[in-house]
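Peer 1: Below: one structure in structure tokens.
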Amino acid sequence: MKYIFVTGGVVSSLGKGLAAASLGTLLELRGQKVVLNKFDPYLNVDPGTMSPFQHGEVYVLDDGAETDLDLGHYERFTSCRLSKLNNLTSGQVYETVLKKERRGDYLGKTVQVIPHVTNEIKNRIHEVARKMEGDIIITEIGGTVGDIEGLPFLEAIRQFRHDVGPENVIFMHVTLIPFIKAAGELKTKPTQQSVAKLREIGIAPDILICRAEHDVELEVREKIAMFCNLERRAVIEFRDVDHSIYECPLALRNQRLDDLVCEKLGIDAPDPNLDAYRDFVNRVIHPTNTCRIAVVGKYIELQDAYKSIYESLTHAGAQHDTAVKLIRIDAEDIESDGAEKHLKNVDGILIPGGFGDRGTEGKILSAQYARENSVPFFGICLGMQIATIEFARNVCGLEGSNSTEFDPNSPHPVICLLEEQQEVEDKGGSMRLGTWVTDLKEGTKAHQLYGETTISERHRHRFEFNQNYREQFEKNGLVISGTSPDNTLTEIIEIPNHPFYIAVQFHPEFLSRPNAPHPVFSGFVEASLKHAKLI
Ligand code: GLN
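In numbering that gives the first Met the number 0, the protein residues as written are 0 to 534.
As structure tokens, this is what we get:
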């Protein structure tokens, strides 16, 4: 087993996750089985309880683990299916150590960061190596070198290299080379200092990935190599890509990063075959058509809150040779201005998942606009609950319909909590999470899109479609096209006699991949193109 550890220096948000994932793409295309991990130094047990303002999207895995959005990059850039083993936080480490201490496992010893916390971190890497089949494990350490809370992780990976042998481990450091406009120069000092900081704790990087807005000329790379004790070819330029994050693996391939990694780890692997990948990237960058899709949400000003949805639209767009132009609309603006003003020129309306009642009435107005004006509509999780409420109020005539999440006293709680959720008090990890099977009704839109009658999708929600209203809905023309196998939970609803109106209780965006777009996203983009009269 070979190991690559990815650290970051100078500033956060450098795209360490993308660098790790892109290296994963290249190694996989060279026939290696790659597994990716993210270790996060914060004390939350998982990001599931964090606000999107703090943390962006929560990415959900098959086993229901609520994880960092970098795991989304990992799954999209490689074929690996990850599990809760692959996202470790300080919170989890300390939770385990403290449980062991209470059980008396440490036999009266003083419990310390070194060795008890660091051993726990190393154990996780060994556990991943044991339980997940792979040739190479790439582990990204969250945060920036120099952060106090990151130290135990860095110490653990330093020891790990010692334990398994330096020939099996690479340290890759992602750093920033800022351009100082007034001087007209790229500056290497922050990188030198960041590497010095790593060396102080016993880690000498083998490869530097230099993020820059400008070309990092040979001369600059030579200077970095000299001061950081590296070969010149181990100083890799990683410039901002022009159009799409999917260009990253190609940019790193141009710099021969994968050759260097294979050489350093003694891996004899053929060159990567990038044809299919390049073809995908070309379709992303040079599409023939454009369609305008509105995303009506609560966190639209945040880059990362709906990350997987935006990526899924890119994948589906590429399949249809189309650029999806996102129109990000704050649901509260629809409340104040009405739906028409914001939605009259769009080709599709998507309502993503969410929590809390802010903006819900604006989302309900958007769903109504889509239904009444035959605009393609796609509701996801909360988006399905919104579509249900809208249909109850305006088609079934059930005045005051709502979700008990937003109005506990609603006369028609068409979305409500199941009994087992009513007793739950803990907020963390207590929703309906992970992969569940859905049976599809034959002859429905969902069935047509998936081409199968049984599907598996990832979930993350607490509230459910209220089955007491099911008959009434169906009588009024709503089609329940997907249910749990025991038929007690509604998973997909759709409206026939509408070009495309489908809403799902799960999160299809977690299963879309570049060259394998999700069927519902694909159908939605296709319907939006038809709406735009482009096909
Ligand atoms: N707030 C809703 C629920 O808990 C929807 C959750 C979501 O969209 N992920 O059921």
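For each residue, glycine too, the CB sits at the ideal point set by N, CA and C.
Suppose you measure from the CA of L583 to the CA of S409; what does that come to, to the nearest Å?
Peer 2: Nothing can be reported for residue 583, as the shown portion of the chain is limited to 0 through 534.
Peer 1: Go through its chain and collect everything with a Cβ distance to P269's Cβ below 8 Å, but skip five positions before and after it.
Peer 2: R29 and G30
Peer 1: Pick from G141, E451 and N288: whose alpha carbon is nearest that of N36?
Peer 2: G141
Peer 1: Among residues of its own chain, excluding the 5 on either side of E132, which ones have a beta-carbon nearer than 7 Å to its beta-carbon?
Peer 2: For E132, where only same-chain residues beyond five positions count, the Cβ hits under 7 Å are K32.
Peer 1: On the DSSP letters alone, give me the boundaries of the beta strand (DSSP E) that E463 sits inside.
Peer 2: F462 to F464
Peer 1: In or out: S361 buried (at least 16 other Cβ within 10 Å) or exposed?
Peer 2: Note on identity: in this sequence residue 361 is Gly, with Ser being the wrong assignment. Label assigned to G361: buried.
Peer 1: For the pair the segment 500-510 and the segment 308-322, tell me if three or more CB-CB distances fall below 8 Å.
Peer 2: yes
Peer 1: According to DSSP, is V168 helix, strand or coil?
Peer 2: strand
Peer 1: Say the cut is 7 Å; is the CB of R459 nearer than that to a heavy atom of the ligand GLN?
Peer 2: Yes; taking the cut-off as 7 Å, the Cβ of R459 has a heavy atom of the ligand GLN nearer than that.
Peer 1: If distances are taken between C-alpha atoms only, which option among C415, L439 and R457 comes closest to L432?
Peer 2: R457
Peer 1: Got a sec: does the ligand GLN put a non-hydrogen atom nearer than 7 Å to the Cβ of E404?
Peer 2: Indeed, a heavy atom of the ligand GLN lies less than 7 Å from the Cβ.
Peer 1: Less than 6 Å between C-beta atoms, sequence neighbours within five positions excluded: which residues of the same chain meet that for R461?
Peer 2: Apart from sequence neighbours up to five positions away, the residues of its chain that approach R461 with a beta-carbon distance below 6 Å are Q420 and M430, ordered along the chain.
Peer 1: Enumerate, from N- to C-terminal direction, the unbroken beta strand (DSSP E) stretches of 3 or more residues contained entirely within the segment 457-520.
Peer 2: 462-464, 478-482, 489-493 and 500-503
Peer 1: Using three-state DSSP, classify F390 as helix, strand or coil.
Peer 2: Helix.
Peer 1: Please name the residue, chosen from F237, L256 and K196, that lies closest to E227 on a Cα-to-Cα basis.
Peer 2: Rather than Glu, the amino acid found at residue 227 in this sequence is Cys. Out of F237, L256 and K196, K196 has the C-alpha closest to the C-alpha of C227.
Peer 1: What do you reckon, is the C-beta of Q384 under 7 Å from a heavy atom of the ligand GLN?
Peer 2: yes
Peer 1: In or out: V110 buried (at least 16 other Cβ within 10 Å) or exposed?
Peer 2: exposed
Peer 1: Count Cβ pairs between the segment 325-335 and the segment 67-81 that sit closer than 8 Å; are there 3 or more?
Peer 2: no
Peer 1: Rounded to the nearest angstrom, what separates Q158 and Y276 at their Cα positions?
Peer 2: 37 Å
Peer 1: What is the DSSP secondary structure of D39, counted as helix, strand or coil?
Peer 2: strand
Peer 1: Cβ-heavy atom distance between C380 and the ligand GLN below 7 Å?
Peer 2: yes
Peer 1: So, do the segment 258-269 and the segment 485-500 have three or more beta carbon pairs nearer to each other than 8 Å?
Peer 2: no
Peer 1: Quick one: what's R327 bridged to in DSSP?
Peer 2: Looking at the DSSP output, R327 sits in a beta bridge with V294.
Peer 1: Give the straight-line distance between the Cα atoms of L60 and D67, rounded to the nearest whole angstrom.
Peer 2: 10 Å
Peer 1: Drop a sphere of 10 angstroms on the beta-carbon of R447, count the other beta-carbons inside from all chains shown, and report buried for 16 or more, exposed for fewer.
Peer 2: A small correction: the amino acid at residue 447 is Gln; Arg does not occupy that position in the sequence shown. That one is exposed.
Peer 1: Are L543 and L70 touching if we call contact CB-CB under 8 Å?
Peer 2: Lying outside 0 to 534, the shown extent of the chain, residue 543 is not represented and no answer is given.
Peer 1: The beta strand (DSSP E) that contains V304, what's its start and end?
Peer 2: The amino acid at residue 304 is misidentified as Val; the sequence shows Ala. Note, A304: premise wrong, no beta strand (DSSP E); not H, not E.
Peer 1: Pick helix, strand or coil for I244, following the three-state DSSP scheme.
Peer 2: helix
Peer 1: Alpha carbon to alpha carbon, how far is V295 from I348?
Peer 2: If you draw a straight line from the Cα of V295 to the Cα of I348, it is about 7 Å long.
Peer 1: Suppose only complete runs of 4+ residues qualify. What are the alpha helix (DSSP H) ranges in the segment 44-130, listed by chain order?
Peer 2: 51-54, 69-76, 89-102 and 117-130
Peer 1: Three or more C-beta pairs closer than 8 Å, one from the segment 159-172 and one from the segment 203-211: is that the case here?
Peer 2: yes
Peer 1: When you compare the CB positions of P495 and K529, do they come within less than 8 Å of one another, or not?
Peer 2: no
Peer 1: Express the C-alpha separation of I200 and L153 in angstroms, rounding to a whole number.
Peer 2: Approximately 8 Å between the Cα atoms of the pair.
Peer 1: Could you tell me the distance, in whole angstroms, from the CA atom of G55 to the CA atom of I292?
Peer 2: 21 Å
Peer 1: Do T443 and S483 have their C-beta atoms closer together than 8 Å?
Peer 2: no
Peer 1: Apart from the five residues just before and just after G450, which ones in its own chain have a Cβ nearer than 8 Å to its Cβ?
Peer 2: P518
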